[in-house]
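Engineer: Chains as they are written, first to last, in the numbering used here: chain A, 0 to 310; chain B, 49 to 324; chain C, 19 to 370. By construction, the Cβ of each residue, glycine as well, lies at the ideal position given by its N, Cα and C atoms. All values reported here derive from a predicted model rather than from experimental measurement.
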Amino acid sequence: MTVANDILSPPTPGGSARSAPAGLPGAQVPRRANWAWLGLLPFAFFAALFLILPIVYLVTGAFQTPDGAFTFDNLIALTGSAIAASYMLSIKLSLVSALFGAVAGLLLSWALVLGGLPRWVRGAFVTFSGVASNFAGIPLAFAFIATLGRLGIVTVLMRDVFGFNLYGAGFNLFSFWGLALTYLYFQLPLMVLIITPALDGLKNEWREAAESLGASHAQYWRMVALPVLAPSILGCFLLLFANAFGTLATVYALTGSQFDVVPIMLFAQIRGNVLYNPNLGYALALGMILIAGFSNILYLVLRSRAERWRA
Amino acid sequence: MKISRIVALIIVLIAASFFLVPLYATFQFSLQMLRGQWSLQAYRSVFSDPQFLSTLSYSAVASLAAIVISTLIIVPTTYWVRLKMPRVKPFMEFITLLPLIIPPIVIVFGYLRLYGSDSMLPLTVSTAGTNVMLVIGYATLSLPYVFRSVDNGMQTLDIRTLTEAAEILGASRATIIFRVILPNLRAAIVSGAFLTFSISFGEFVFASLLNRPAFGPYLVQIGQDRAYEPAALAVLSFALTWACMVLMQIFANAKPGTSARRRPAALFPFARRKTA
Amino acid sequence: MSFLTITKASKSYGANTVVREFDLSVGKGEFISFLGPSGCGKTTVLRMIAGFETPSAGRITIDNRDVTLTAPNRRRIGMVFQAYALFPNMTVADNVAFGLKVAGADRATIDARVKEMLALIHLDHLAERYPYQMSGGQQQRVALARALAPKPQVLLLDEPLSALDAKIRVSLREEIRAIQKQLGITTVFVTHDQEEALSISDRIVVMNGGRADQIGTPFEIYNQPATRFVASFVGTLNLIDVTVVDPATGLVKIGEQTIALKDVLAASAGQTVTLALRPESGSILDGARGDTALTGEVVSSNFLGSVVRTRMRVGESLISFDMFNSPGFAPPALGERVTLRFSAADLLVIRD
Ligand SMILES: Nc1ncnc2c1ncn2[C@@H]1O[C@H](COP(=O)(O)OP(=O)(O)OP(=O)(O)O)[C@@H](O)[C@H]1O
Ligand SMILES: [Mg+2]
Chain A
0 MTVANDILSP PTPGGSARSA PAGLPGAQVP RRANWAWLGL LPFAFFAALF LILPIVYLVT
60 GAFQTPDGAF TFDNLIALTG SAIAASYMLS IKLSLVSALF GAVAGLLLSW ALVLGGLPRW
120 VRGAFVTFSG VASNFAGIPL AFAFIATLGR LGIVTVLMRD VFGFNLYGAG FNLFSFWGLA
180 LTYLYFQLPL MVLIITPALD GLKNEWREAA ESLGASHAQY WRMVALPVLA PSILGCFLLL
240 FANAFGTLAT VYALTGSQFD VVPIMLFAQI RGNVLYNPNL GYALALGMIL IAGFSNILYL
300 VLRSRAERWR A
Chain B
49 MKISRIVALI IVLIAASFFL VPLYATFQFS LQMLRGQWSL QAYRSVFSDP QFLSTLSYSA
109 VASLAAIVIS TLIIVPTTYW VRLKMPRVKP FMEFITLLPL IIPPIVIVFG YLRLYGSDSM
169 LPLTVSTAGT NVMLVIGYAT LSLPYVFRSV DNGMQTLDIR TLTEAAEILG ASRATIIFRV
229 ILPNLRAAIV SGAFLTFSIS FGEFVFASLL NRPAFGPYLV QIGQDRAYEP AALAVLSFAL
289 TWACMVLMQI FANAKPGTSA RRRPAALFPF ARRKTA
Chain C
19 MSFLTITKAS KSYGANTVVR EFDLSVGKGE FISFLGPSGC GKTTVLRMIA GFETPSAGRI
79 TIDNRDVTLT APNRRRIGMV FQAYALFPNM TVADNVAFGL KVAGADRATI DARVKEMLAL
139 IHLDHLAERY PYQMSGGQQQ RVALARALAP KPQVLLLDEP LSALDAKIRV SLREEIRAIQ
199 KQLGITTVFV THDQEEALSI SDRIVVMNGG RADQIGTPFE IYNQPATRFV ASFVGTLNLI
259 DVTVVDPATG LVKIGEQTIA LKDVLAASAG QTVTLALRPE SGSILDGARG DTALTGEVVS
319 SNFLGSVVRT RMRVGESLIS FDMFNSPGFA PPALGERVTL RFSAADLLVI RD
């Protein structure tokens with residue numbers, strides 16, 4: 000029927016169907032608009048039930064007592080020493096891994112895009128990055144254990160061939176810095192994937208214009224290239240931060256429940272291993288939503304700014 | 049000029065070793081199960097474990113089911129929105145972005161509380177219900193990837209013109225969707241599917257908290273009990289991820305004019321750019 | 019005295035030589051255009067002057083200083099690009115100030131100069147805008163101001179107008195020329211649009227395959243093309259192949275008709291030479307003057323507004339001619355035989 004309507008209905012003068020004078024038998028037009036909404040139902044239904052509602056449930060639960068009364072106690076409990084320490088640890092780990100990922104990723108992308116190397120090098124790295132950025136979680140932890148664990152190939156090689164005891168020197172894969180290094184394996188490729196297009200967007204003419212105006216290489220980078228890239232870099236940094244903040248499986252496979260980042264703490268809460276208080280759990284989840292949501296939204300804002308410049 | 053090239057070369061070499069050393073070390077480690085010789089014993093051990101195959105196939109089936117569900121939800125809706133309600137599109141983009149923003153553990157926590165024993169829809173009390181819950185969870189996680197790749201596919205297809213052309217020829221809406229749109233979108237759908245698969249076959253958080261016999265929890269178990277098998281499993285997982293990504297890329301490029309080559313968009317939806 | 023000289027400059031990429039033995043000297047304050055088809059090496063020569071490419075051979079001097087190997091940022095060159103290339107992170111004022119800033123000028127000097135430059139391009143009111151908030155024409159004017167602000171010795175413009183639409187192209191090229199004259203700055207302007215080159219240049223370099231085919235004033239280039247390439251690239255010249263009958267008296271044959279040239283020919287009888295004739299140099303009206311006539315059959319006649327362009331066949335050659343439209347003038351009909359009268363002095367002998 001819609002087909003027939005589309006073909007048969009006369010073109011509405013003046014464009015919009017809404018501008019048809021009231022009183023005319025224009026009922027057909029609004030009804031069609033109503034039908035159109037029906038097409039959204041399956042998706043809307045699914046998204047509401049399995050995405051929106053669970054989140055809303057947790058967020059409201061964070062403000063309730065177990066009996067359903069309104070309270071700020073759960074949020075206040077978040078500032079308790081154990082939980083606050085856990086957030087601090089998570090934030091610190093995410094910041095460090097995002098910082099290293101962003102800096103290393105930027106350097107690598109620079110080398111790939113502007114380093115004057117053959118094109119296949121770039122192709123190889125980008126393809127590999129696509130894989131590595133998705134190679135997170137438990138297998139990644141295994142790989143690092145096999146490499147840098149106490150009996151890992153590299154650890155043993157250093158000890159036997161170079162006489163250098165990594166662990167004796169203070170390194171420990173199952174510690175903060177070990178985790179940060181492991182995270183780098185998916186953070187760095189992620190950074191490469193998102194920042195290379197931004198580096199591509201640096202126009203050659205900008206460099207030439209700057210040079211012809213008397214600028215040195217350093218001046219060009221300080222006054223033009225880096226400011227142009229800044230929103231992209233900052234945005235990517237936030238994205239890496241959020242990415243690290245939500246990481247659970249990698250930590251869990253490396254350190255079990257020992258290393259108390261927020262996702263691990265929530266995981267333990269849900270498992271019921273620790274004092275089981277669902278409403279405190281809700282508050283924990285709310286904290287995660289806020290941190291992840293905030294950094295992602297800021298990322299999107301910064302990205303749209305970067306795109307505006309690129310036009 | 050020369051210097052920058054040398055610096056670039058050094059950076060690339062360092063990065064390459066950072067990427068490749070763990071892979072090589074894991075591989076070598078996986079061959080050392082038998083003392084004093086190279087062997088594939090760890091792999092033999094993995095494959096002879098009935099749990100390996102059962103959990104892997106469980107996860108594969110769950111992933112495939114999730115892919116089917118999210119495809120069934122996303123394709124018609126995206127088509128409909130593009131055709132009839134373009135104004136809804138930013139909203140849909142935002143919703144499908146949520147699973148990337150909200151950490152998975154938060155989502156599954158919500159499921160456990162919302163669909164537990166005293167819920168109207170007590171999915172997590174029966175085994176069958178929990179299986180469904182897991183599939184739904186994976187489908188939710190896959191929304192961003194499936195939506196982006198389908199949406200990109202429709203963009204290059206110009207489905208509006210295609211639909212109008214079919215309508216003028218007198219085709220019904222169903223005919224259009226099943227005979228015109230879907231066959232043309234196959235590459236985009238398959239490409240999104242491989243990405244989804246690579247993410248969900250080793251997924252841990254959902255499977256573990258829903259207590260399902262999936263591959264992710266199995267991996268953790270092996271990691272705690274064994275020494276060499278985890279390395280073998282890591283190698284296998286990496287190979288599987290690699291295969292999925294390569295297949296995804298191939299399908300993402302299948303359409304002429306998609307130009308998704310080395311475009312991170314297909315890999316990571318945030319990076320989607322308006323590529324001309 | 020020439021201010022900018024290029025001596026026997028060549029540039030090769032591997033085995034591919036894109037500029038060959040290019041010679042040019044530009045006087046102070048002169049406005050030179052490079053004109054030529056795509057890929058003929060205009061940009062390459064310009065980039066060698068700017069220092070972005072190093073010549074494979076040859077020398078470049080500016081103000082008697084050899085700059086062949088000088089880095090671009092030490093050459094005091096102003097450059098304007100086809101795609102504007104404004105720094106997107108800076109306002110108009112900051113863009114214009116850039117060259118002064120990197121040179122370490124003080125705040126007051128910079129502000130004064132920026133003001134002066136923005137006044138020059140009539141964009142004072144947009145000083146705080148960002149490039150993405152402006153039209154292409156405005157951006158290109160800012161790019162011009164940015165290039166001029168540090169008082170460069172030479173201004174280079176690489177097809178600065180080709181990204182703009184036709185109307186702005188004309189008004190901006192006049193503005194560029196006016197500013198150039200006002201500042202008296204030595205300028206090299208690249209274009210592939212012959213009308214553009216003819217209308218604003220002091221001299222034009224017509225380039226072909228990496229070489230300068232002819233260097234001359236617009237008048238010379240247009241009226242006395244030295245080579246067949248220049249003749250065909252500039253304007254809409256008729257190129258007529260004729261057979262020499264008698265070199266000493268300048269007698270040549272077109273099809274069955276014989277005409278006499280003004281000059282002695284440097285070719286022997288029986289050889290083929292090419293003559294050029296401007297479309298506007300003849301008339302078919304009764305009583306038209308001219309010592310030479312050619313009769314042919316009309317193959318097309320197009321009404322172009324102010325002129326009527328007619329083509330006729332004479333022997334093997336097609337000759338077009340333009341006549342002003344007037345109420346009394348009836349365009350010739352197809353197949354009609356007409357006689358075109360013109361002065362033999364308008365016929366040029368072209369070398370290949
Ligand atoms: N970096 C390079 N490597 C190899 N060949 C090049 C390079 N740069 C330019 N060329 C070649 O040199 C020739 C001249 O190029 P150039 O850019 O100077 O032409 P142009 O006259 O400016 O043309 P257009 O009007 O299209 O801008 C072209 O054939 C081009 O392919
Ligand atoms: Mg050019």
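Please state whether the Cβ-Cβ distance between Arg121(A) and Val130(A) is less than 8 Å.
Structural biologist: Along the first sequence, one-based indexing puts residue 121(A) at 122. Along the first sequence, one-based indexing puts residue 130(A) at 131. Going by C-beta atoms, Arg121(A) is not nearer than 8 Å to Val130(A).
Engineer: May I have the straight-line CA-CA distance separating Gln63(A) from Asn278(A), to the nearest angstrom?
Structural biologist: For this step, residue 63(A) is matched to residue 64 along the first sequence. For this step, residue 278(A) is matched to residue 279 along the first sequence. Cα to Cα, Gln63(A) sits roughly 7 Å from Asn278(A).
Engineer: For Phe134(A), which residues in chain B fall below 7 Å Cβ to Cβ?
Structural biologist: Position 135 of the first sequence, counted from the start, is the residue given in the question as residue 134(A). By Cβ distance, chain B contributes Phe286, Thr289.
Engineer: Determine whether the beta carbon atoms of Phe339(C) and Gly314(C) lie at a separation below 8 Å.
Structural biologist: For this step, residue 339(C) is matched to residue 321 along the third sequence. For this step, residue 314(C) is matched to residue 296 along the third sequence. Their beta carbons are not under 8 Å apart, which means Phe339(C) does not touch Gly314(C) by this criterion.
Engineer: List in chain order the residues whose CB is within less than 7 Å of at least one heavy atom of ligand 2.
Structural biologist: Output, sorted by chain position: Lys60(C), Thr61(C), Asp176(C), Glu177(C), Val208(C).
Engineer: For Val120(C), go through chain A and note every residue whose CB falls closer than 7 Å to its CB, in chain order.
Structural biologist: Taking the first residue of the third sequence as 1, we reach residue 120(C) at position 102. Neighbours of Val120(C) on chain A, chain order: Leu212, Gly213, Ala214, Gln218.
Engineer: Taking a contact to mean a Cβ-Cβ separation below 8 Å, would you say Gln268(A) touches Gly255(A) in this structure?
Structural biologist: Here residue 268(A) refers to the residue found at position 269 of the first sequence. Here residue 255(A) refers to the residue found at position 256 of the first sequence. No, the pair does not count as a contact, with Cβ atoms beyond the cut-off.
Engineer: For the 8 Å Cβ check, are there 3 or more pairs between the segment 152–166 of chain C and the segment 122–131 of chain C?
Structural biologist: Counting Cβ pairs under 8 Å, fewer than three are found: no touch.
Engineer: Thinking just about the alpha-carbon of each residue, which of Ala243(A), Ala248(A), Gln257(A), Ala291(A) is nearest to the one in Lys91(A)?
Structural biologist: Residue mapping note: residue 91(A) aligns to position 92 of the first sequence, counting from 1. Cα-wise, what sits closest to Lys91(A) is Ala243(A).
Engineer: Whole angstroms is fine: what's the gap from Lys271(C)'s alpha carbon to Val248(C)'s?
Structural biologist: As a working note, residue 271(C) is residue 253 in the third sequence. As a working note, residue 248(C) is residue 230 in the third sequence. C-alpha separation (whole angstroms): 24 Å.
Engineer: Quick check on Met296(B): does DSSP put it in helix, strand or coil?
Structural biologist: The residue given as residue 296(B) occupies position 248 in the second sequence. Helix at Met296(B).
Engineer: For Leu98(A), which residues in the same chain have their Cβ closer than 8 Å to its Cβ, ignoring the five residues on either side in sequence?
Structural biologist: Position 99 of the first sequence holds residue 98(A). Taken in chain order, the residues that qualify are Phe236.
Engineer: Within its chain, find whatever has a CB closer than 8 Å to the CB of Arg246(C); leave out the 5 residues flanking it on each side and keep chain order.
Structural biologist: In the third sequence, counting from the first residue as 1, residue 246(C) sits at position 228. Excluding positions up to five away in sequence, the list reads Leu257, Thr292, Ile368, Arg369, Asp370.
Engineer: Just grab the DSSP bridge partners of Gln275(C) for me.
Structural biologist: The residue labelled residue 275(C) in the question sits at position 257 within the third sequence. Gln275(C) is bridged to Ile272(C).
Engineer: Does the CB of Arg260(B) have a neighbour CB from chain A at under 8 Å?
Structural biologist: Taking the second sequence and counting its residues from 1, the one referred to as residue 260(B) is at position 212. Chain A, which has no Cβ nearer than 8 Å to the Cβ of Arg260(B), makes this no.
Engineer: Quick check on the DSSP output: the beta strand (DSSP E) that includes Met108(C) runs from which residue to which?
Structural biologist: Walking along the third sequence from the start, residue 108(C) turns up at place 90. It is not in any beta strand (DSSP E) - Met108(C) carries neither H nor E in the DSSP assignment.
Engineer: Provide the residue(s) that pair with Leu71(B) in DSSP beta bridges, ordered along the chain.
Structural biologist: Here residue 71(B) is taken as the residue at index 23 of the second sequence, counted from 1. In the DSSP output, where bridge partners are listed per residue, Leu71(B) has none listed.
Engineer: Between the segment 138–156 of chain C and the segment 108–122 of chain C, are three or more C-beta pairs nearer than 8 Å?
Structural biologist: Because the criterion of three Cβ pairs below 8 Å is met, the segment 138–156 of chain C and the segment 108–122 of chain C touch.
Engineer: Using a Cβ cut-off of 7 Å, pull out every chain C residue sitting near Trp205(A), in sequence order please.
Structural biologist: By 1-based counting over the first sequence, the position of residue 205(A) is 206. Neighbours of Trp205(A) on chain C, chain order: Ala103, Phe105.
Engineer: Just to confirm the assignment: which complete beta strand (DSSP E) runs, minimum length 3, are found wholly within the segment 271–344 of chain C?
Structural biologist: Listed in chain order, they are 275–278, 290–295, 310–321, 325–332, 335–342.
Engineer: Short of 6 Å in beta carbon distance, which residues of its chain neighbour Ala252(A), apart from the five on each side in sequence? Order them along the chain.
Structural biologist: The count along the first sequence starts at 1 and reaches residue 252(A) at position 253. Within the same chain, Ala252(A) has close Cβ partners Ile137, Ala140.
Engineer: Checking 8 Å against the spacing of the C-beta atoms, do Val136(B) and Leu40(A) come in under that value?
Structural biologist: Looking up residue 136(B) in the second sequence gives position 88. Looking up residue 40(A) in the first sequence gives position 41. No, these two residues do not count as a Cβ contact at 8 Å.
Engineer: Does the beta carbon of Arg92(B) sit closer than 8 Å to a beta carbon anywhere in chain A?
Structural biologist: Within the second sequence, residue 92(B) is the residue found at index 44, counting from 1. With 8 Å as the cut-off, Arg92(B) does not count as an interface residue toward chain A.
Engineer: Could you give the residue range of the alpha helix (DSSP H) that holds Val208(C)?
Structural biologist: For the purposes of this step, residue 208(C) is identified with residue 190 of the third sequence, where counting begins at 1. Segment 204–209 is the beta strand (DSSP E) holding Val208(C); no alpha helix (DSSP H) there.
Engineer: Measure the alpha-carbon distance for Ala219(B) versus Ala35(A) and round it to whole angstroms.
Structural biologist: Within the second sequence, residue 219(B) is the residue found at index 171, counting from 1. Within the first sequence, residue 35(A) is the residue found at index 36, counting from 1. Approximately 19 Å between the Cα atoms of the pair.
Engineer: For Val238(B) and Pro73(C), I'd like the C-alpha separation in whole angstroms.
Structural biologist: Here residue 238(B) refers to the residue found at position 190 of the second sequence. Here residue 73(C) refers to the residue found at position 55 of the third sequence. The alpha-carbon atoms of Val238(B) and Pro73(C) are separated by roughly 52 Å.
Engineer: Tell me the residue span of the beta strand (DSSP E) that contains Asp259(C).
Structural biologist: Numbered from 1 along the third sequence, position 241 holds the residue referred to as residue 259(C). It spans 256–264 - the beta strand (DSSP E) in which Asp259(C) sits, taken as one unbroken run.
Engineer: Is Tyr31(C) a contact residue of ligand 1, with contact defined as CB to any heavy atom under 7 Å?
Structural biologist: Residue mapping note: residue 31(C) aligns to position 13 of the third sequence, counting from 1. Yes.
Engineer: Are the C-beta of Tyr86(A) and some C-beta of chain B separated by less than 8 Å?
Structural biologist: Residue 86(A) sits at position 87 when you count from the first residue of the first sequence. Taking Cβ atoms only, chain B never reaches closer than 8 Å to Tyr86(A), which makes this a no.
Engineer: Measuring CB atoms only, is the segment 238–251 of chain B touching the segment 108–127 of chain B, in the sense that at least three cross pairs come out at less than 8 Å?
Structural biologist: The segment 238–251 of chain B is in contact with the segment 108–127 of chain B.
Engineer: Among Gln272(B), Ala282(B), Leu210(B), which has the Cα closest to the Cα of Phe77(B)?
Structural biologist: Along the second sequence, read from residue 1 onward, the residue named residue 77(B) stands at position 29. It is Ala282(B) whose Cα lies nearest to the Cα of Phe77(B).
Engineer: Are the beta-carbon atoms belonging to Ile193(A) and Leu238(A) less than 8 Å from one another?
Structural biologist: Taking the first sequence and counting its residues from 1, one reaches residue 193(A) at position 194. Taking the first sequence and counting its residues from 1, one reaches residue 238(A) at position 239. Closer than 8 Å, so yes.
Engineer: What's the call for Gln157(C), buried or exposed, on a 16-neighbour Cβ count within 10 Å?
Structural biologist: Numbered from its first residue, the third sequence carries residue 157(C) at position 139. Its Cβ being crowded by 16 or more others within 10 Å, Gln157(C) is buried.
Engineer: I need the straight-line Cα distance from Ser324(C) to Leu312(C), nearest angstrom please.
Structural biologist: The residue you call residue 324(C) lines up with position 306 of the third sequence. The residue you call residue 312(C) lines up with position 294 of the third sequence. Cα to Cα, Ser324(C) sits roughly 24 Å from Leu312(C).
Engineer: With a cut-off of 8 Å, do at least 3 Cβ pairs link the segment 91–110 of chain B to the segment 155–166 of chain B?
Structural biologist: No, they do not touch.
Engineer: Does any residue of chain B have a CB that is nearer than 8 Å to the CB of Phe240(A)?
Structural biologist: Here residue 240(A) is taken as the residue at index 241 of the first sequence, counted from 1. Cβ-Cβ to chain B under 8 Å: no for Phe240(A).
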